[in-house]
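For reference, the structure discussed in these notes is given below.
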Amino acid sequence: MSVKNNGPLPGGGSDDHPPLSRQRRAVLQHLRGRAGAVTVAALAQECGLHSNTVREHLDALVDAGLADRERAPAAGRGRPAWLYRARPPQQSAVREYAGLATVLAGQIARSSADPHADALAAGEEWGRALVAGQEPARTPKEARGRVLALLGEIGFAPEADEDAREARLPRCPFVEAAREHPGVICNVHAGLARAGLAALGGEAERVALHPFAEPGACRLLLDAAPDGPDAPGGPAVPAVPTRPGTPGGTGASGGTDRPGEPR
Numbered sequence: 000m001s002v003k004n005n006g007p008l009p010g011g012g013s014d015d016h017p018p019l020s021r022q023r024r025a026v027l028q029h030l031r032g033r034a035g036a037v038t039v040a041a042l043a044q045e046c047g048l049h050s051n052t053v054r055e056h057l058d059a060l061v062d063a064g065l066a067d068r069e070r071a072p073a074a075g076r077g078r079p080a081w082l083y084r085a086r087p088p089q090q091s092a093v094r095e096y097a098g099l100a101t102v103l104a105g106q107i108a109r110s111s112a113d114p115h116a117d118a119l120a121a122g123e124e125w126g127r128a129l130v131a132g133q134e135p136a137r138t139p140k141e142a143r144g145r146v147l148a149l150l151g152e153i154g155f156a157p158e159a160d161e162d163a164r165e166a167r168l169p170r171c172p173f174v175e176a177a178r179e180h181p182g183v184i185c186n187v188h189a190g191l192a193r194a195g196l197a198a199l200g201g202e203a204e205r206v207a208l209h210p211f212a213e214p215g216a217c218r219l220l221l222d223a224a225p226d227g228p229d230a231p232g233g234p235a236v237p238a239v240p241t242r243p244g245t246p247g248g249t250g251a252s253g254g255t256d257r258p259g260e261p262r
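Residues in the sequence shown are numbered from 0 upward in steps of one, following numbering that gives the first Met the number 0.
Structural data, given as structure tokens:
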């Protein structure tokens, strides 16, 4: 097939590191969900934890090679605060899984009576499994932020707006598989976001994934109006690219399949 917009760069997944506690992994998820560096105070507020607890986890993540620490620019008297940012995840293990994902996506595309629906259902099951046992979010914004943090841990490197309503996804750990079987892989990712958000107390029907929405990135909406045209450069119900000549296919939330065009 031919997708004119090559989409995101390959992304990485979890690193090789000693097992993390549930709370430390949650802090890492939030850190990976941030596009830039963050202070202890800001991350503590986002995680709902005491600043000292978050600082302890962050310093441990730095020691484990999962995060970097730097001083904020000086702004007046006193010592500048520390800023933390997640390190890019290792990609070796993800590359192996990406090859498997391509094979599985091809099998679904060839053998399923409705590959888009089956891919969406598989993604939803994956999303529920990833957040199983987690406490529901206290607010819709927190639920959206936790989904973005989860996507960050997987390797999508989301760049979100302040309210976590919309995010640019400049990386994808399965981008090669998505270029070959976008109607399957992209629906899996849409299902993951939908089910993850729903399990945390958000509204799954407000999730809309726009694969290859712009050069070098996909776009994810987590608070889209169900029937409103608020998607950047397209309808709120997105189009997911598929093989050329496939008529009437449905994308991650419905709609006609077609590849994203470069702007």
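Built from N, CA and C at the ideal position, the CB exists for glycine as well.
As the structure is a prediction and not an experimental result, all values here were calculated from the model.
Query                                                                                                                                                                        : Result
Evaluate A238 with the Cβ neighbour count: other Cβ atoms within 10 Å of its Cβ, from every protein chain shown; 16 or more gives buried, anything less gives exposed.       : Note on A238: pLDDT 41, under 50, position unreliable in the model; no value is reported.
Could you round the C-beta distance between A156 and R143 to whole angstroms and report it? I think they count as a contact, below 8 angstroms.                              : Actually they are not in contact, since the Cβ atoms of A156 and R143 sit about 16 angstroms apart, beyond 8 angstroms.
What does the alpha-carbon distance come out to for the pair E202 and G77?                                                                                                   : 44 angstroms
Pick out whichever of E69, A25, P72, A36 has its Cα sitting closest to the Cα of T52.                                                                                        : A25
What first and last residue would you give for the beta strand (DSSP E) that runs through H273?                                                                              : Past the edges of the chain, shown from 0 to 262, lies residue 273, and the structure says nothing about it.
For E165, which residues of its own chain have a beta-carbon under 6 angstroms away from its beta-carbon, when the five flanking residues on both sides are left out?        : L220
For W125, which residues from the same chain have a beta carbon less than 6 angstroms from its beta carbon, with the 5 sequence-adjacent residues on both sides left out?    : L191
Check whether the Cβ atoms of T38 and A97 lie closer than 8 angstroms to each other.                                                                                         : no
Over the uninterrupted beta strand (DSSP E) stretch that includes D58, give me the two end residues.                                                                         : First-last for D58: 50-62, but that is the alpha helix (DSSP H), not the beta strand (DSSP E).
Measuring CA to CA, which of A41, S20, Q22 is closest to E161?                                                                                                               : A41
Should Q44 be labelled buried (16 or more other beta-carbon atoms within 10 Å of its own) or exposed?                                                                        : exposed
Can you find the residues in the same chain that come closer than 6 angstroms, C-beta to C-beta, to A121, ignoring five residues on each side of it along the sequence?      : V187
In this structure, does DSSP put V37 in helix, strand or coil?                                                                                                               : strand
CB-CB under 8 angstroms to I184, same chain, minus the five flanking residues each way: which ones, in chain order?                                                          : A100, A104, A118, F173, A176, A177
Rounded to whole angstroms, what's the CA-CA distance from G195 to E123? Just pull it up for me.                                                                             : 7 angstroms
I'd like the list of long-range same chain contacts for R54, defined as Cβ closer than 6 angstroms, with 5 residues on each side in sequence excluded.                       : V39
Are the Cβ atoms of Q28 and L149 separated by less than 8 angstroms?                                                                                                         : yes
Can you name the start and end residues of the beta strand (DSSP E) that D67 belongs to?                                                                                     : 66-70
Under the three-state reduction of DSSP, which class applies to G201: helix, strand or coil?                                                                                 : coil
Just the Cα atoms here: how many angstroms apart are G47 and T138?                                                                                                           : 12 angstroms
Please report the Cβ distance between Q133 and L199, rounded to the nearest whole angstrom; I am assuming they are in contact, meaning their Cβ atoms lie under 8 angstroms. : 7 angstroms
Can you tell me whether L221 is helix, strand or coil according to DSSP?                                                                                                     : coil
Closest to A108 by CA distance: which of H49, H180, P214, A131 is it?                                                                                                        : H180
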